[in-house]
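Read the structure below first, then the notes.
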Amino acid sequence: MPVGYGEGTAYRPPHIHFKVFIDNKEIVTSQMFFSDVEGRDGFNDEYIINVKKADKILKGNYNIVLPDYNK
Numbered sequence: 043m044p045v046g047y048g049e050g051t052a053y054r055p056p057h058i059h060f061k062v063f064i065d066n067k068e069i070v071t072s073q074m075f076f077s078d079v080e081g082r083d084g085f086n087d088e089y090i091i092n093v094k095k096a097d098k099i100l101k102g103n104y105n106i107v108l109p110d111y112n113k
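For the sequence shown, the working numbering gives the first residue as 43, with consecutive numbering after it.
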């Protein structure tokens, strides 16, 4: 599990950055947050990954909607 960084108004809660590539072309760059930011100003709940603990392992699912990259 990542940790947050920064201080005061520059504090960034724990999150994961990711990029999606198709045929070596970058299609999406984004980030996902964890439930501790739910309802906080400046955070869209659509970017929250739901994590569950199973057998000492954290597992989560995150849906990504990709644009039609053929356009």
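The beta carbon of each residue, even a glycine, is placed where N, CA and C say it ideally should be.
Identify which residue in Val62, Asp83, Lys94 and Phe75 has its Cα closest to the Cα of leucine 108.
-> Position 66 of the sequence shown holds residue 108. Nearest C-alpha to leucine 108 among Val62, Asp83, Lys94 and Phe75: Val62.
Taking C-alpha atoms, which residue in Ser77, Lys98, Asp110 and Gly81 lies nearest to tyrosine 104?
-> As a working mapping, residue 104 is identified with position 62 in the sequence shown. Here the closest residue by C-alpha is Ser77.
Consult DSSP for tyrosine 47 and reduce its assignment to one of helix, strand or coil.
-> What you label residue 47 is simply residue 5 of the sequence shown in a count that begins at 1. In the three-state DSSP reduction, tyrosine 47 falls in the strand class (E or B).
DSSP three-state call for glutamate 68: helix, strand or coil?
-> On the sequence shown, position 26 is the one that residue 68 refers to. The answer is strand: DSSP assigns glutamate 68 an E or B state.
Might you give, ordered along the chain, the residues of its own chain that have their beta carbon closer than 8 Å to the beta carbon of proline 56, omitting 5 neighbours on each side?
-> If you number the sequence shown from 1, residue 56 lands on position 14. These residues qualify, in order along the chain: Met43, Pro44, Val45, Gly46, Phe75, Phe76 and Asp78.
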